[in-house]
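The opening residue of the sequence shown carries number 614 in our numbering; numbering runs sequentially from there. C-beta: ideal position from N, C-alpha, C; glycine also. Please read these numbers as outputs of a predicted model, since none were measured by experiment. Structure, as structure tokens:
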Amino acid sequence: TAAGPTLCPFALVTGVACPLCGMTRALLHLAQGDLAGAVAYHPLVLVVVAVAVVAVVLRATGRSWPAFARGLPAVIAVAVVVRLAASSLPPV
Numbered sequence: 614t615a616a617g618p619t620l621c622p623f624a625l626v627t628g629v630a631c632p633l634c635g636m637t638r639a640l641l642h643l644a645q646g647d648l649a650g651a652v653a654y655h656p657l658v659l660v661v662v663a664v665a666v667v668a669v670v671l672r673a674t675g676r677s678w679p680a681f682a683r684g685l686p687a688v689i690a691v692a693v694v695v696r697l698a699a700s701s702l703p704p705v
């Protein structure tokens with residue numbers, strides 16, 4: 614079940630979950646130690662956390678993003694298409 618109101622402007626206007634819909638709830642589940650629940654809300658939650666950690670480390674050390682990071686939007690796009698095809702988007 615969905616916890617709390619939908620705050621996503623895209624979902625509120627269209628009635629369809631956006632590519633990141635479920636991420637906030639996934640992060641909350643992850644913070645509570647519920648890995649399965651987190652991945653159920655958004656399968657890319659672990660990727661987002663890893664990218665955030667890498668971003669903090671890179672910024673702290675003054676380094677730039679590696680070239681493969683340019684492919685992250687494509688990974689997100691593929692995940693959204695798969696979720697749409699499987700009807701596994703979270704409720705809005």
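Any chance you could list the alpha helix (DSSP H) runs of at least 4 consecutive residues sitting entirely within the segment 627 to 675, in chain order?
Listed in chain order, they are 636 to 644, 648 to 654 and 658 to 674.
Residue 675: which of 685, 667 and 651 sits nearest, CA to CA?
On the sequence shown, residue 675 is found 62 positions in, with the first residue counted as 1. Closest option to residue 675, Cα to Cα, is 667.
Buried or exposed: which applies to residue 648, given that a residue is buried once 16 or more other Cβ atoms fall within 10 Å of its Cβ?
The residue labelled residue 648 in the question sits at position 35 within the sequence shown. Label assigned to residue 648: exposed.
Whole-Å CB distance - residue 658 paired with residue 644, under 8 angstroms assumed
The residue given as residue 658 occupies position 45 in the sequence shown. The residue given as residue 644 occupies position 31 in the sequence shown. Not really, about 11 angstroms apart at Cβ, beyond 8 angstroms.
CA nearest to the CA of residue 661, picked from 701, 626, 689 and 683:
Residue numbering aside, residue 661 sits at position 48 when the sequence shown is read from its first letter. Out of 701, 626, 689 and 683, 689 has the C-alpha closest to the C-alpha of residue 661.
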